[in-house]
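J.: Numbering (UniProt numbering), first residue to last: 1 to 68. For every residue, glycine included, the Cβ atom is placed at its ideal position computed from N, Cα and C.
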Amino acid sequence: MGFNLRGAIMSNIQGSSQDEVEATILDAIKSGEEKMLPGLGVLFEVYWQNANESEKDQLCSDISKGLS
Numbered sequence: 001m002g003f004n005l006r007g008a009i010m011s012n013i014q015g016s017s018q019d020e021v022e023a024t025i026l027d028a029i030k031s032g033e034e035k036m037l038p039g040l041g042v043l044f045e046v047y048w049q050n051a052n053e054s055e056k057d058q059l060c061s062d063i064s065k066g067l068s
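(1) Once DSSP output is grouped into helix, strand and coil, what is the label at A51?
(2) Compute the distance between the beta-carbons of P38 and L67, then report whether it is under 7 Å.
(3) Among the residues of its own chain, which have a CB less than 7 Å from the CB of M36, if the five just before and after it don't count?
(4) Along the chain, where does the alpha helix (DSSP H) that runs through M36 open and close?
(5) Could you check whether I9 and V42 sit closer than 7 Å to each other, using their CB atoms as the reference points?
Following this line, the structure appears as structure tokens:
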């Protein structure tokens, strides 16, 4: 039986306030621990699924600039 990591992460962050989401992101970046990457990935997925095309384009542009 496989472990549903995405589901576990969603369960843990469900109902989080804006401040809690920001704290989670900042903590993950500050810690630099690879174990935090799946959680950031799930947060990114939530954002992407709820963004309009303009927001997606802007995000991709910002990320691309950050990788230069």
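T.: Taking the definition as stated:
(1) Numbered from 1 along the sequence shown, position 51 holds the residue referred to as residue 51. A51 falls in the coil class under three-state DSSP.
(2) For the purposes of this step, residue 38 is identified with residue 38 of the sequence shown, where counting begins at 1. For the purposes of this step, residue 67 is identified with residue 67 of the sequence shown, where counting begins at 1. Not closer than 7 Å, so no.
(3) Residue numbering aside, residue 36 sits at position 36 when the sequence shown is read from its first letter. Around M36, the same chain offers A28 as residues with beta carbons nearer than 7 Å, after the five sequence neighbours per side are excluded.
(4) Reading the sequence shown from its first residue, position 36 is the one you call residue 36. Counting along the chain, M36 falls outside any alpha helix (DSSP H), and DSSP gives it neither H nor E.
(5) Here residue 42 refers to the residue found at position 42 when the sequence shown is read from its first residue. Here residue 9 refers to the residue found at position 9 when the sequence shown is read from its first residue. The answer is yes: Cβ separation under 7 Å.
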